[in-house]
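Peer 1: What follows is a single structure, and I will ask about it in a moment.
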Amino acid sequence: YQKNYGDAVASFQQFLSHDPTNHAGLCWLGYSLLELREFDDATRAFQSALRVKPDDLDTYNWCGLIQLRKGRFAEAATIFEQMLKLDARNKSARRFLLYSYLLSAQYEKAYRLSPGQIQLGGGILLLSFLTGMTLLIRYSFKVRPHPFPGIGLSFAWLAPVFVAHFAFNACL
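Just so you know, we're using our numbering here: the sequence shown kicks off at 255 and counts up by one.
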């Protein structure tokens, strides 16, 4: 088994020239193009496969993953939403839809999709913030009892502040 995707693409294109509606051939062409990081061509191949077989969950999954790799999170969310319409219990679609919502800053939709995971994530961030602040306060003032702790301590406070920002946003 060799990972020679360039030759695979040529072979699949030749095969598809004889049978352009072969779903498996279109999917394998899309996968080979994806491995070559030719995302636009891979998307076209998978979209052609969806035109042939519009209810294939695996093809939707690959289309969504390509959009995630391209950084088009809102488009990926739309694809995974369509996937969930076909199969509401599909765990892969739910997981990637949650990621897409979070990466595209659609926090309300992410919360509606999986409130337990969002609350758990926010709780973990909040707990790490409180632990960091406790440790920072406890050990920083022993070292520098001066009322103005100085710039070194100011930079040390930045990490818990950033964690707090993400924790409070996740809890909203």
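Think of the CB as a built atom: it goes at the ideal place given N, C-alpha and C, for glycine as much as any other residue. In this text, all values refer to a predicted model and were calculated from it rather than measured experimentally.
1. Just the Cα atoms here: how many angstroms apart are Thr-313 and Leu-304?
2. Is it the case that the Cβ atoms of Gln-360 and Ala-331 are separated by a distance below 8 Å?
3. Out of curiosity, what's the CA-to-CA distance linking Ser-354 and Gly-284?
4. Would you report the Cα separation of Ser-271 and Glu-292, rounded to the nearest angstrom?
5. If you check the beta carbons only, do Ala-296 and Leu-288 fall under 8 Å apart?
6. What residue range is occupied by the uninterrupted alpha helix (DSSP H) comprising Arg-343?
7. To the nearest angstrom, how far is the alpha carbon of Ser-382 from that of Phe-327?
8. Take Glu-329 and list the residues in its own chain whose beta-carbon comes closer than 7 Å to its own, dropping the five residues that flank it on each side.
Peer 2: Reading from the atomic positions:
1. 7 Å
2. yes
3. 21 Å
4. 20 Å
5. yes
6. Premise fails: Arg-343 is in no alpha helix (DSSP H) and is neither H nor E.
7. 28 Å
8. Gln-321
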